[in-house]
Amino acid sequence: MPDPVIAVFGAAGKTGRAVVRALLERGLAPASVRRLVRDGPSPPAPFPGVPSTAVDLEVGESVTAAVAGATALYVVAPNLHPDEPAIVGRAVAAAREHGIERIVHHSVLRPGLQAMPHHWGKLRAEELLWGSGLDVTVLQPSAYVQNLVPAVTGGELVVPYSVDRPFSLVDLADVADVAARVLTGSGHTGATYELAGPTTTVAALARDLGLAARRRREPPGDGASDGYGPRALQAMFDWYDRHGLAGSPGVLRWLLGREPRHPAEVLSALASGRAPRA
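Residue numbers (full-length UniProt numbering): 1 to 278.
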């Protein structure tokens with residue numbers, strides 16, 4: 001049986017790069033993976049032989065042309081995009097145009113939290129997919145451990161929210177591993193998988209790494225001039241400050257067939273340069 005041909009949206013971003021890497025590590029030939037990157041400059045990718053196609057996600061014809069020849073799509077919208085359902089809708093239309101039945105959608109843990117607009121946007125995108133009639137799987141990862149690497153500075157771990165709230169931070173490499181398994185395996189049709197790591201706090205992480213934990217106070221925005229992205233980001237930090245973002249690592253453990261990597265282990269390796277930062 002020939003390899004599937006998998007088109008990875010957002011393949012110039014950290015999630016897309018990690019998924020491409022995981023697909024290759026699972027034995028897919030480079031020609032069986034397609035990197036879809038946004039129009040304009042993008043960082044070079046260390047994936048010899050993997051074709052790249054520039055795509056304007058805001059134009060349906062561009063998306064349709066970019067996925068020609070694929071048998072499955074991994075759909076990752078740009079971070080904090082104001083209209084993720086529209087992007088997913090274009091992916092669905094492109095899949096139908098080319099007879100592509102398989103879509104794996106990169107959503108988020110707790111998409112039903114309306115207080116965070118980008119979570120709510122992912123929920124609406126999921127609704128669109130479930131009504132598409134296609135072979136759909138949804139992945140709902142928690143916040144990445146990798147997001148904390150820039151927060152390690154001067155012997156401190158500094159974040160713009162409470163350091164004592166619970167978080168189930170997940171290693172991006174574990175998420176990509178699951179994505180590759182789901183894209184190349186069977187038995188995942190109709191599934192929604194929460195991908196959460198072991199629960200901890202920023203304060204506990206800092207102690208594990210021999211750092212001090214500190215909350216950074218952000219100056220308030222005026223609300224009127226801020227665009228969607230800054231407003232959505234601040235809404236997320238407000239939620240994190242009050243509640244954190246915790247889940248169960250049980251599903252991730254089952255999908256990986258091993259324990260998810262602990263955030264302290266991952267962050268220590270990343271901050272020290274012992275592991276690539278994605």
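Heads up, the beta-carbon is just placed ideally off N, CA and C, and yes, glycines get one too.
Every value quoted in this text rests on a predicted model; they were computed, and no experiment measured them.
What did DSSP end up calling residue i once you bin it into helix, strand or coil?
{"i": "L245", "result": "strand"}
{"i": "P263", "result": "helix"}
{"i": "E126", "result": "helix"}
{"i": "S225", "result": "Since pLDDT at S225 reaches only 49, below the 50 mark, its modelled position is unreliable, and the value read off the structure follows with that caveat. Reduced to three states, the DSSP call for S225 is coil."}
{"i": "E194", "result": "strand"}
{"i": "R252", "result": "The sequence shown places Leu at residue 252, not Arg. The answer is helix: DSSP assigns L252 an H, G or I state."}
{"i": "Q114", "result": "coil"}
{"i": "S186", "result": "coil"}
{"i": "D177", "result": "helix"}
{"i": "A7", "result": "strand"}
{"i": "D135", "result": "strand"}
{"i": "T71", "result": "coil"}
{"i": "L80", "result": "coil"}
{"i": "V108", "result": "coil"}
{"i": "T64", "result": "helix"}
{"i": "L36", "result": "strand"}
{"i": "A29", "result": "coil"}
{"i": "V55", "result": "strand"}
{"i": "T15", "result": "helix"}
Of all the options the options, which has the alpha carbon lying nearest to the alpha carbon of residue i?
{"i": "I103", "options": "R110, V92, E97", "result": "V92"}
{"i": "G131", "options": "V88, T153, L157, N147", "result": "V88"}
{"i": "residue 335", "options": "L36, L73, D238, V170", "result": "Given a span of 1 to 278 for the chain in the structure shown, any question on residue 335 remains unanswerable."}
{"i": "V152", "options": "V266, W254, A22, R258", "result": "V266"}
{"i": "T184", "options": "K14, T15, L28", "result": "L28"}
{"i": "T137", "options": "H118, E101, V163", "result": "E101"}
{"i": "residue 325", "options": "D135, E25, V202, D56", "result": "In the structure displayed, the chain extends from 1 to 278; residue 325 sits before or after that span and is not available."}
{"i": "L109", "options": "S268, H98, L157, V251", "result": "V251"}
{"i": "R242", "options": "V145, D164, P82", "result": "D164"}
{"i": "N155", "options": "L211, F237, Y240, P30", "result": "Residue 155 is actually Gly in this sequence, not Asn. It is L211."}
{"i": "T64", "options": "D135, G13, A95", "result": "A95"}
{"i": "P141", "options": "S162, D174, D135", "result": "D174"}
For residue i, is the classification buried or exposed, using 16 other Cβ atoms within 10 angstroms of its Cβ as the cut-off for buried?
{"i": "P249", "result": "buried"}
{"i": "P59", "result": "In the sequence under discussion, the amino acid at residue 59 is Val, which differs from the Pro named in the question. The residue in question, V59, is exposed, as its Cβ has fewer than 16 Cβ neighbours within 10 Å."}
{"i": "P48", "result": "exposed"}
{"i": "T200", "result": "buried"}
{"i": "E218", "result": "exposed"}
{"i": "T189", "result": "exposed"}
{"i": "Q114", "result": "exposed"}
Which residues in the same chain as residue i place their Cβ atom closer than 6 Å to its Cβ, once the five residues preceding and following it in sequence are excluded?
{"i": "A7", "result": "R34, L36, V67, A70, L73"}
{"i": "A125", "result": "E84, P85, V88"}
{"i": "D39", "result": "A54, D56"}
{"i": "V159", "result": "A151, V202"}
{"i": "R17", "result": "none"}
{"i": "H106", "result": "V76, L139"}
Determine which residues share a DSSP beta bridge with residue i and list them.
{"i": "Y161", "result": "The partner list for Y161 (beta bridge, DSSP) is empty, contrary to what the question assumes."}
{"i": "S272", "result": "Its beta-bridge partners do not exist; DSSP assigns none."}
{"i": "Q140", "result": "E194"}
{"i": "T153", "result": "E156"}
{"i": "V170", "result": "Y144"}
{"i": "I103", "result": "L73, V136"}
{"i": "A213", "result": "L157"}
Looking only at its own chain, which residues have a Cβ that is under 8 Å from the Cβ of residue i, when we skip the five neighbours before and after it?
{"i": "R207", "result": "A213"}
What residues in its chain sit with their C-beta under 7 Å from that of residue i, if we drop five residues either side in the sequence?
{"i": "P166", "result": "T199, T201, G244, A246"}
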